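Residue numbers (the numbering used here), protein chains in the order written: chain A, 1 to 340; chain B, 1001 to 1340.
Right, here's the structure in full:
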């Protein structure tokens, strides 16, 4: 079968590999219906994360169950399913508290690779959520977004406690940041400030519910947010980049007693304890427990109440994966869908 | 009047100074009934915080109103009052959200100094809470604890979301850590693990509600907490020291999805963003909004449901303040009360 493999920074190839087989009795094998390239795939692509060996890529997926391990109980062959980028048992204490991305038995799907025709999904009963009905192409695209970027943006908005009466600031205008805006709007936020300099992303931000756009960054961006919030800062801030600048911008933009949800995978971030102490904000971040939100997100998508799939502004057959990586690296595309 | 002045590390003197006067129409002047030495006073005493000039000391106080500015409405001369170490208007958006320690018009009482016969209290209506009735000596001691260490420990336990069904770990066995145990117990925590190596402090921890004692520190301490919690870590962890080691110990001891309340004033703490990301814990800390909790704490004290004043294990007349500082520095005393 075909699979995307990264050999070195900037060197992405589509290769023939052995198809996956059931390893554990709790596994499922799915035929991947749609997959995509993640902003986090760009870290190794840009040489900012070390590649020790050629690496299978991809951790987002919608697929159809083809084979089930002997202990899988809740799924049937032929089911259309969505899962998150972390396989989780959904039964341990951590999962039950809603933090499935840190399940006691977690398996990172990135270590398996879903930019491929088929994928093995560990802990299938805990990981996969069945999609009811027969999605339209637009719904299918949105279900794929739910697998990571929507679920991650949603978690960020929840972690930042976006809700009625709250002003939410969003740092980062990639797919996750944009979908955090959609989430904040659905969660009832009063005002949503998108920090973005790109006209097309600003347009998408407004479509998803942003009420204000701030183009300034760093200290100037923080000053502008304070100006827009009576000098206090935002109640809720989403950080969806992962750099030192974006993290300090997010914390600085938040009022004392406010909440920061940070989901950009931290690269080189160092937080000064003294500054954090006197910021007096709540900080919650990490790999998003997308599984917590999947049933609700699938329902919102299948009833056409949200359309997160519009973040995909380029669709390519998997053979052209290399061009997809280039397009995202050069910011010609926000999010690239790969068809199979 | 008499006031404690720090001239240099290790050099604390009691001097005659000018008594305070009303500066703003929202001020009150109180005659200090009881004051004390704070763990945070030891940072400059030990040379770990720079002293630019001789500094008036103290930010904890119980007192009697002697004089009121023209705009103070809710207090009367003769009222017995408690306030926190931050004067706050209690009306701005930040105060109303319960973060009075970061009030838009905050004044740090440490910049005024309450280890003295009298003190000026800015924003008196917002800052001071009247004590009903006539406290016993034990209650008076406890009211003084409410001014900072109890209120700070209480905030730490609330920030760590201590409550029913939760296992709470407390890093730090100073007065704040010990009173965070008392708070966790009152908030209904199921299990409270005190991290302490000192037999007398362990005894006080148990008196306040600790169910387990862990003597190990650092990675060993973290391993022990995990062992005691089914491998998961505590739901709620209080950090009440402020060093790199204690902060990492607190974060490491907390399960994914858990909460860390940190109230030790950070000295030299640097948090790695990547580690924090993958810890996936909520972090909330800072100068405690003691004012939020004062009415409830005063009620608990005046009805003898809590006795936080037992953390004072040494009481000295203010003339012997230097000996009080020495006793705390050498850990011969947990918390020193100064009588006037």
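For each residue, glycine too, the CB sits at the ideal point set by N, CA and C. None of the values given here were measured: they were computed from a predicted structure.
Exposure of residue i, with buried meaning 16 or more beta-carbon neighbours within 10 Å
i: residue 1048(B); result: exposed
i: residue 1089(B); result: buried
i: residue 1171(B); result: buried
i: residue 23(A); result: exposed
i: residue 1324(B); result: buried
i: residue 198(A); result: exposed
i: residue 41(A); result: buried
i: residue 287(A); result: buried
i: residue 11(A); result: exposed
i: residue 1108(B); result: exposed
i: residue 20(A); result: buried
C-beta atoms of residue i and residue j nearer than 8 angstroms
i: residue 1152(B); j: residue 1065(B); result: no
i: residue 1055(B); j: residue 1006(B); result: yes
i: residue 960(B); j: residue 1173(B); result: Since the first and last residues shown for chain B are 1001 and 1340, residue 960(B) lies out of range.
i: residue 155(A); j: residue 293(A); result: yes
i: residue 61(A); j: residue 114(A); result: yes
i: residue 32(A); j: residue 63(A); result: yes
i: residue 209(A); j: residue 251(A); result: no
i: residue 1038(B); j: residue 1144(B); result: no
i: residue 234(A); j: residue 136(A); result: no
i: residue 263(A); j: residue 240(A); result: yes
i: residue 1214(B); j: residue 1193(B); result: yes
i: residue 1225(B); j: residue 1184(B); result: no
i: residue 142(A); j: residue 301(A); result: yes
i: residue 1131(B); j: residue 1058(B); result: no
i: residue 1158(B); j: residue 1175(B); result: no
i: residue 140(A); j: residue 81(A); result: no
i: residue 187(A); j: residue 169(A); result: no
i: residue 269(A); j: residue 237(A); result: no
i: residue 318(A); j: residue 334(A); result: no
i: residue 1222(B); j: residue 1202(B); result: no
i: residue 1121(B); j: residue 1028(B); result: yes
i: residue 26(A); j: residue 69(A); result: yes
i: residue 258(A); j: residue 281(A); result: yes
Unbroken alpha helix (DSSP H) run spanning residue i, endpoints
i: residue 1095(B); result: 1093–1096
i: residue 1329(B); result: 1321–1329
i: residue 1142(B); result: 1137–1146
i: residue 157(A); result: 149–159
i: residue 317(A); result: That residue, residue 317(A), is in no alpha helix (DSSP H); its beta strand (DSSP E) goes 314–317.
i: residue 1206(B); result: 1199–1208
i: residue 1177(B); result: 1175–1186
i: residue 1126(B); result: 1124–1127
i: residue 1224(B); result: 1218–1228
Chain A within 8 angstroms of residue i, Cβ atoms only
i: residue 1093(B); result: yes
i: residue 1223(B); result: no
i: residue 1097(B); result: yes
i: residue 1247(B); result: yes
Extent of the continuous beta strand (DSSP E) run through residue i
i: residue 1295(B); result: Per DSSP, residue 1295(B) belongs to no beta strand (DSSP E); it is in the alpha helix (DSSP H), 1290–1302.
i: residue 262(A); result: 254–262
i: residue 105(A); result: Segment: none, residue 105(A) is in no beta strand (DSSP E) and carries neither H nor E.
i: residue 235(A); result: 234–239
i: residue 59(A); result: Neither: residue 59(A) is in no beta strand (DSSP E) and is coded neither H nor E.
Beta carbon proximity, residue i to chain B, threshold 8 angstroms
i: residue 377(A); result: Nothing in the structure corresponds to residue 377(A), since chain A is present only between 1 and 340.
i: residue 102(A); result: yes
i: residue 266(A); result: yes
i: residue 261(A); result: no
i: residue 255(A); result: yes
i: residue 325(A); result: no
Heavy atom of the ligand SAH within 7 angstroms of residue i beta-carbon
i: residue 1088(B); result: Judged by which ligands are present, the structure shown has none, so any question about the ligand SAH falls away.
Residues from the segment 270–293 of chain A in contact with chain B, defined by Cβ distance under 9 angstroms: 270, 271, 272, 273, 274, 275, 276, 277, 278, 279, 280, 281, 282, 283, 284, 285, 286, 287 and 289
Interface residues of the segment 123–138 of chain A facing chain D [CB-CB below 9 angstroms]: Among the protein chains of the structure shown, namely A and B, there is no chain D.
What are the residues of the segment 32–65 of chain A that lie near chain B, defined by any Cβ-Cβ distance shorter than 8 angstroms? none
In chain order, what residues of the segment 1160–1172 of chain B put their CB closer than 9 angstroms to some CB of chain A? none
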